[in-house]
Amino acid sequence: MMIILLDCRVTHRVVVFISILSFISVGFFMGKCVDLRQYRAVFLIGMVAIGALLSGCSDRTGQANTVPMKVTFPSCIKGEPMTQTTLFFGLSRPHGPVISTTEWQSFVDNDVTSRFKDGLTVIDAKGQWLGNDGNVTKENSKALVLIHKDDKENAIEALRSRYKQQFAQESVMRVDTIACVDF
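Residue numbers (my numbering): 99 to 281.
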C-alpha cells in the first residue's frame, strides 16, 4: 500500500482518526481474552501507520531547492554585530609534497592580507575529512579567522578559489557565525 501525503493538515486529521480507532480497538480487546502476540501486532501496525503518515510532515529545509535566508544580526550589549568567518586550509597536496611554511606565508602575505588589511588570525590545526574518493584524510591545517562586515563575500570566495587552484585542493571549508565585536 502506498500513501502519498500532500498536506500536513490532512495528515494530522488522519492521525487523530487513527488514534481514536486505536483507543476503540483497545477498548474492544479489554473485554476479551486476547493473545498477547495479537495485541502487539495490532499495536505495532498502528504505530507504523502513524509513523508513515507523519513522515510527510518532516522539515525539508535541508534540501537542495531551498532559498538561503539572510540572518539578522543580534542586538549587542557591547560592541557591534559582525560576521566571523573561519576558513580551514589543508596543508597536504593530493600528489606531491606538503605545503611548506614558506608557501603558506606567501599565500597569507600576497592573497589574504591584501583583502583583509584590518586584521586576521591564523591558527595551526590538525584536521581530517572525507575526500571525494571515499578515503579519510588526516592532515595538518591552518584555520584563518576573519572578523568583518557583510561586504567581504567576494574577497572570501576569491581566497577559497585561489587556494584550491594554487595548491590542488578539493575544498576549503568555510564556517560563518555572527559575533558581537568590541575593540
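We treat Cβ as the ideally placed atom computed from N, Cα and C, and that holds for glycine. No experiment lies behind these values; they were computed from the predicted model shown.
Any heavy atom of the ligand SAM inside 6 angstroms of the beta-carbon of residue i?
i, result
"V196", "For the ligand SAM, the structure offers nothing, since it holds no ligand at all."
Suppose the cutoff is 8 angstroms on Cβ atoms and the five residues either side in sequence are ignored; what does the same chain contact list for residue i look like?
i, result
"K236", "K224, G225, Q226"
"T211", "L218"
"S190", "V196, I197, T235, E237, N238"
"K247", "M180, T181"
"G194", "A266"
Helix, strand or coil for residue i? Go by DSSP, reduced to three states.
i, result
"C278", "strand"
"F187", "strand"
"T46", "Past the edges of the chain, shown from 99 to 281, lies residue 46, and the structure says nothing about it."
Hey, how far is the Cα of residue i from the Cα of residue j?
i, j, result
"A256", "I197", "19 angstroms"
"Q263", "D274", "22 angstroms"
"C174", "D280", "10 angstroms"
"C278", "L185", "19 angstroms"
"L244", "F214", "8 angstroms"
"T199", "F265", "13 angstroms"
"A253", "D209", "9 angstroms"
"S204", "D249", "25 angstroms"
"D216", "T183", "14 angstroms"
For residue i, collect the residues of the same chain with a Cβ closer than 7 angstroms to its Cβ; drop the 5 residues on either side in sequence, then sort them by chain order.
i, result
"F187", "S239, K240, L242, Y261, V270"
"L228", "V234"
"Q161", "At Q161, the pLDDT of 49 sits below 50, so the modelled position is not reliable; the number obtained from the coordinates is stated separately. There are no such residues."
Would you mind working out which of the options sits nearest residue i, comparing C-alpha positions?
i, options, result
"G62", "E268, Q203, L185, T183", "Coverage of the chain is limited to positions 99 through 281, which leaves residue 62 absent and any answer about it impossible."
"P192", "V220, R258, N230", "N230"
"D222", "D216, N208, W202", "W202"
"V206", "D216, V220, T183", "V220"
Quick one: residues in its chain with C-beta nearer than 6 angstroms to the C-beta of residue i, no 5 flanking neighbours on either side, listed in chain order?
i, result
"G177", "C278, V279, D280"
"E251", "none"
"R272", "L185"
"R258", "V270"
With a floor of 4 residues, list each alpha helix (DSSP H) that falls wholly inside the segment 221-275, ordered by position along the chain. With a minimum length of 4 residues, the continuous alpha helix (DSSP H) runs that stay inside the segment 221-275 are 251-265.
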